[in-house]
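Chemist: Residues in the sequence shown are numbered from 17 upward in steps of one, following this note's numbering. Positions of the beta carbon are idealized from the N, C-alpha and C atoms, including for glycine.
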Amino acid sequence: MKQMCKGVAVLAVLAAGAVQAAELWVGAAEVSITPDRPVSLAGQFHQRISKKVESPCMAMILALEAREGDKSVGQAILVALDFVTIPF
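1) Taking 8 Å as the cut-off, does the stretch 85-92 touch the stretch 45-53 (at least 3 CB pairs, one atom from each stretch)?
2) Is the beta carbon of S66 less than 8 Å from the beta carbon of L57?
3) If you follow the beta strand (DSSP E) that Q91 is part of, which residue opens it and which one closes it?
4) Determine the DSSP secondary structure at A44, reduced to helix, strand or coil.
5) For M74, which option in V42, W41, D98, P103 has the closest C-alpha, if you only look at C-alpha atoms?
6) Would a C-beta distance cut-off of 8 Å place A115 and L40 closer than the cut-off?
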């Protein structure tokens, strides 16, 4: 995860060069979004209910903001989730 954040930060700095901002503010967070109770598992053509946590589900967020003084000149937020699909 840290390597990915470093790579994205380098790309953001290169992209921010076109904006010519004086400062690049970067924030990152990681949080567990693992359900605290059994959930229905998709797949195999029948319903299954989880019995235990095999591995935690995580959400990773990277926020970027280019600023000139107190003025924001560009923003980006990248979100990575440990999901195969997002039901809606």
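Modeler: Reading off the structure:
1) no
2) yes
3) 87-97
4) strand
5) D98
6) There is no way to answer for residue 115, as the model of the chain reaches only from 17 to 104.
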